[in-house]
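Chains as they are written, first to last, in the UniProt record's numbering: chain A, 1 to 198; chain B, 1 to 198. Where is the CB? At the ideal position from N, CA and C, for every residue including glycine. Computed from a prediction, not measured in an experiment: that's the story for all the values here.
Number of protein chains: 2
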Amino acid sequence: MSRQPDPNRRNEQSRQAIVTAAADLCAEVGFAAVTVEAIAARAGVGKQTIYRWWPSKAAVLLEYMERERERAAGFPDTGDLAADLLTQTTALQRLFDSDAGAVWRGLLIAAQSDDVAADGVRALLEQAIVEAKQRLTKAQGTDELRSDADLDMVVEIIFGPLYHAWLLRTRPLPKAYMSDVLKLVFEGLKPRDRPLIR
Amino acid sequence: MSRQPDPNRRNEQSRQAIVTAAADLCAEVGFAAVTVEAIAARAGVGKQTIYRWWPSKAAVLLEYMERERERAAGFPDTGDLAADLLTQTTALQRLFDSDAGAVWRGLLIAAQSDDVAADGVRALLEQAIVEAKQRLTKAQGTDELRSDADLDMVVEIIFGPLYHAWLLRTRPLPKAYMSDVLKLVFEGLKPRDRPLIR
């Protein structure tokens, strides 16, 4: 066995320290106020170490989101669509309230004016939407979801309410929010016991 | 009659020229790249004229959105909920595609780090949500909407899909988008002719 330190392992430790420092800072001061200097100071590395690996703070934070995504297990599939949607959307609501939520919010803002952030956000969203649509396609086959519904639109109907409240900061959401949303969108907003003759 | 120019009228013309110039610039170069200098040059006024009336570019663009809102007629009420929701949401989709959409996007971004923008955006959203909930309350009385549905949640279910696709820029939306969304959320995502015994 070699007694030499493994440079790959040391690099990975530094990268991990940098992305964690960037996410912590983003949660503390907000994306706009994060600087590469502050990330370097927090991670205990030089600014040049960060610029050797990433072009900008947005790129560091994208790597944080990609690592978060890899730690998640993908879209759940227990065979019960209602249960799986509740698991997935409740996890997203929790993420929005966490440090990763502050990072995601920052990246969505940066994506409006920064091409690196825009490409990274687009890739993350595309991957999430593809996984959701795969699960929904299966549910159409098991008669748990209308077969005539456009799946991009179903994704927007399921995830739109949560994004609306979170991105627009209109109100704090109750813990059981997604349970009630899913019930309403699956049953429909029409009165259920509407009499035929009144 | 006085032959003197009316200073109030002249001020109003200057203000209108400034807010229009700010919105045009926002649509052309995006919120992040708009500067007070560029607004002043476009409007043909001095920078100090702008700073006499507004503290920042975000404040100028807020006044643009407030003027746009005043020109709109409020939430429609023809007595037919489905028709009124389609009118209102289709108008919003058109607004998102217009210069006002670029301004609104910019203000939503600015609201994340600028208190003036955050307060203005909150007031505009609150007003829109109050008006929507008034219309929905009436619809619960006429049995066009489930009476057990939380109205903040109904607003999020109706407007969330459009905001999701527009803010996250996930895909271009078809013209008939809101017609199909409203059909799905009112009828529900469950299969309609689900057999009791298979």
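Item: Per the contact definition of three or more C-beta pairs closer than 8 Å, is the region 63–71 of chain B in contact with the region 99–106 of chain B?; Value: yes
Item: To be precise: take each residue of the UniProt domain "HTH tetR-type" (12–72) of chain B, compare its Cβ to all Cβ atoms of chain A, and keep it if any distance is under 7 Å. Which residues remain?; Value: 30 and 32
Item: The alpha helix (DSSP H) with residue 76 of chain A in it runs from where to where?; Value: Segment: none, residue 76 of chain A is in no alpha helix (DSSP H) and carries neither H nor E.
Item: Is residue 144 of chain B helix, strand or coil by DSSP?; Value: coil
Item: Using CA coordinates, which residue listed in B:40, B:20 and B:69 is at the minimum distance from residue 120 of chain B?; Value: B:69
Item: Leaving out the 5 sequence neighbours to the left and right, which residues in its chain are closer than 8 Å to residue 129 of chain A when beta-carbon positions are compared?; Value: 152 and 155
Item: Since residue 89 of chain A contacts residue 162 of chain A with CB under 8 Å, what's their CB separation in whole angstroms?; Value: 6 Å
Item: Roughly how many angstroms lie between the CA atoms of residue 199 of chain A and residue 74 of chain A, to the nearest whole one?; Value: Given a span of 1 to 198 for chain A in the structure shown, any question on residue 199 of chain A remains unanswerable.
Item: If residue 58 of chain B sits next to residue 117 of chain B, beta carbons under 8 Å apart, how far is it from one beta carbon to the other, in whole angstroms?; Value: 4 Å
Item: Comparing the C-beta of residue 161 of chain A with each C-beta of chain B, is any distance below 7 Å?; Value: yes
Item: Go ahead and pull the three-state DSSP assignment for residue 166 of chain B.; Value: helix
Item: At least one CB of chain B closer than 7 Å to the CB of residue 175 of chain A: is that the case?; Value: no
Item: Please determine, among A:158, A:42 and A:46, the residue with the shortest C-alpha to C-alpha distance to residue 182 of chain A.; Value: A:158
Item: I believe residue 149 of chain A touches residue 189 of chain B by the beta-carbon criterion, under 8 Å. Please report the beta-carbon distance rounded to the nearest angstrom.; Value: 6 Å
Item: At 8 Å on the CB atoms, spell out the chain A contacts of residue 105 of chain B, in chain order.; Value: 112
Item: Does the beta-carbon of residue 177 of chain B have 16 or more other beta-carbons within 10 angstroms, so that it is buried, or is it exposed?; Value: buried
Item: What residue range is occupied by the uninterrupted alpha helix (DSSP H) comprising residue 13 of chain B?; Value: 7–29
Item: Classify residue 89 of chain A as helix, strand or coil using the three-state DSSP reduction.; Value: helix
Item: Under 9 Å between beta-carbons, which chain B residues line up against residue 74 of chain A? List them in chain order, please.; Value: Residues of chain B passing the Cβ test: none, with the nearest at roughly 19 Å.
Item: Just to confirm my understanding: we take residue 37 of chain A, look at its own chain, exclude 5 residues before and 5 after, and list those with CB closer than 8 Å. What are they?; Value: 47
Item: First and last residue of the alpha helix (DSSP H) that includes residue 179 of chain B?; Value: 177–187
Item: Please list, in chain order, the chain B residues whose beta carbon lies closer than 8 Å to that of residue 125 of chain A.; Value: 168 and 170
Item: Chain B beta carbons: is any one of them nearer than 7 Å to that of residue 146 of chain A?; Value: yes
Item: Among B:134, B:160, B:71 and B:113, which one has its Cα closest to the Cα of residue 30 of chain A?; Value: B:113
Item: With a Cβ-Cβ cutoff of 7 Å, do residue 167 of chain A and residue 167 of chain B count as a contact?; Value: yes
Item: State the CB to CB distance for the pair residue 77 of chain A and residue 146 of chain A, rounded to an integer number of angstroms; the pair is presumed to be in contact (CB under 8 Å).; Value: Residue 77 of chain A to residue 146 of chain A, Cβ: 19 Å. No contact.
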